[in-house]
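Numbering (this note's numbering), first residue to last: 5 to 473. To keep things clear, I will list the structure first and then write my remarks on it.
Here it is in structure tokens:
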């Protein structure tokens, strides 16, 4: 097994290990995006929107099953104080294996019903295959927990990159021989099998199954309280196949899936920032003023970074998408600005989510996320049959209203952050995204917002702070 955790390590040594680990994880994110971009480019050119839509629908169901199955069981052991015994790891294996069996059976038994509702050609055959990847991914969690508790981030990063490279290598080979979406499901099984084996090699052993009823109760109790908000939020990923599929078919599901995939890659800064924010904000949880100031600054930086990237692609994507991915994918840019506004709005509230997690206000997050998903689903359900793919984007924009509940939850705890600059920059960026619909004058709006006196003063303060650090 890996070396035991060393809680008595010197602070400077611990800091060095964490920073080194952070560098490995950051490098993994960058390499992952590069691999994904190349892989998606070649795969989607061969498959086309309709075949890709079948995989998008099945993968959405698979991802939600993973969210349910992983729960917060791994996080429970990751945050446990002191050394974790073998009985706890063995119990985690038993729980994850049990959940994997239940979810595997649910997908296999329910795929016909889901397929009938979605009306996406090819969904059922892809879902039948992709379900086999689920237990492989869930049973990798304990090995990763061991590595993370030992602050051994290097093998985690390397294994994930190797697994992803194998996924795209197998997928490209199968897709170019026969352009069918089942190839991607088979590739996912190969990836998860390789990651499972390598993760256990890195921990120098295979875990024995064990079961401690007391530990199991604690794990499940923590999992429900920790994961409830995430389970609700992850329902978003099912809205595309469940609402767009019945109304518009596999092609529209594939096009929207591509738009979402591009936005996930473009807004990776948001994902990395959330991970860093949880640890950073944790240091201020006893000081409301400092926590509020950190949330305010984090909001501004998130809007600045995410907004710039989304605008850059929004202004050039009309040329790049058909040129790089093929003419069949050009309609992606019709729905892109609507979805991008949703991602842009989510960026500043990422800080609220991180702060509420640190303050252990997961129930408030769950309520806000439930409102968000309900608004998204309701508006999309009504608008998609009438407005097509843009109706789905309308649902994304309508769901922004739910962030008001996130604000109120945070304001009750630490007071209201300062939204002025984030609102100015975010609003200007949102207008700039709709340059094709509103006219070229909108391109000037983000630059005008940055040149406003209040913006220049804040940017100058960031520059001075950067030089000082």
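Beta carbons are placed, not taken as given, at the ideal position from N, Cα and C, and that holds for glycine.
Closest by C-alpha distance to residue i, when choosing among the options
i           : options               : result
residue 146 : 132, 422 and 204      : 204
residue 400 : 466, 159 and 378      : 378
residue 404 : 446, 240 and 252      : 240
residue 78  : 67, 158 and 226       : 226
residue 417 : 51, 292 and 58        : 292
residue 167 : 138, 36, 385 and 105  : 36
residue 262 : 212, 308, 325 and 206 : 325
residue 182 : 366, 140, 51 and 341  : 51
residue 121 : 434, 190 and 254      : 254
residue 47  : 342, 257, 191 and 407 : 191
residue 328 : 298, 49 and 74        : 49
residue 433 : 108, 39, 308 and 444  : 308
residue 442 : 341, 386, 43 and 406  : 341
residue 124 : 258, 337 and 69       : 258
residue 393 : 322, 56 and 251       : 251
residue 73  : 260, 56 and 110       : 110
Proximal residues to residue i (C-beta, below 8 Å), its chain only, five neighbours per side dropped
i           : result
residue 483 : The displayed coordinates of the chain run from 5 to 473. Any statement about residue 483 would go beyond what the structure contains.
residue 462 : 304 and 425
residue 366 : 229, 230, 232, 233 and 360
Residue i versus residue j - alpha carbon distance
i           : j           : result
residue 373 : residue 353 : 12 Å
residue 460 : residue 334 : 37 Å
residue 174 : residue 126 : 20 Å
residue 363 : residue 412 : 14 Å
residue 455 : residue 97  : 55 Å
residue 296 : residue 238 : 27 Å
residue 451 : residue 388 : 33 Å
residue 155 : residue 414 : 31 Å
residue 344 : residue 267 : 7 Å
residue 149 : residue 82  : 6 Å
residue 118 : residue 398 : 24 Å
residue 177 : residue 356 : 43 Å
residue 493 : residue 472 : Nothing can be reported for residue 493, as the shown portion of the chain is limited to 5 through 473.
residue 105 : residue 161 : 28 Å
residue 269 : residue 103 : 30 Å
residue 170 : residue 58  : 22 Å
residue 179 : residue 54  : 14 Å
residue 339 : residue 449 : 21 Å
residue 194 : residue 264 : 24 Å
residue 430 : residue 440 : 18 Å
residue 437 : residue 446 : 8 Å
residue 100 : residue 212 : 13 Å
residue 153 : residue 407 : 34 Å
residue 8   : residue 294 : Annotation note: pLDDT 41 at residue 8 (below 50); position unreliable, coordinate value reported separately. Distance between the alpha carbons of residue 8 and residue 294: 35 Å.
residue 112 : residue 39  : 30 Å
residue 157 : residue 93  : 19 Å
residue 435 : residue 141 : 41 Å
residue 197 : residue 41  : 23 Å
residue 337 : residue 467 : 35 Å
residue 249 : residue 209 : 44 Å
residue 56  : residue 453 : 39 Å
residue 260 : residue 86  : 46 Å
residue 159 : residue 84  : 22 Å
Outcome for residue i when other beta-carbon atoms lying within 10 angstroms are tallied against a minimum of 16
i           : result
residue 320 : exposed
residue 395 : buried
residue 331 : exposed
residue 420 : exposed
residue 310 : buried
residue 458 : exposed
residue 318 : buried
Other residues of its chain near residue i: CB distance less than 6 Å, five sequence neighbours each side excluded
i           : result
residue 144 : 199, 200 and 203
residue 88  : 81
residue 402 : 379 and 383
residue 66  : 134
residue 422 : 300
residue 75  : 227 and 231
Close Cβ partners of residue i (< 7 Å) along its chain, the five nearest in sequence each way excluded
i           : result
residue 234 : 71
residue 370 : 232, 233 and 236
residue 409 : 371, 372 and 375
residue 115 : 128, 131 and 132
residue 91  : 214, 216 and 219
residue 368 : 360 and 413
residue 108 : 135, 138 and 139
residue 385 : 247
residue 44  : 265
Cβ-heavy atom distance, residue i to the ligand GTP, below 7 Å
i          : result
residue 52 : Inclusion of the ligand GTP in the displayed structure is not the case, the ligand content being empty and no account of it being possible.
Examine the Cβ distances between the region 237 to 247 and the region 58 to 76 and report whether three or more of them are shorter than 8 Å.
yes
Segment contact flag, the region 314 to 329 with the region 340 to 348, C-beta cutoff 8 Å, min 3 pairs
yes
The region 296 to 311 in contact with the region 406 to 426 per 3-pair CB rule at 8 Å
yes
Stretch-stretch touch, CB-based, cutoff 8 Å, three pairs: the region 130 to 138 with the region 182 to 197
yes
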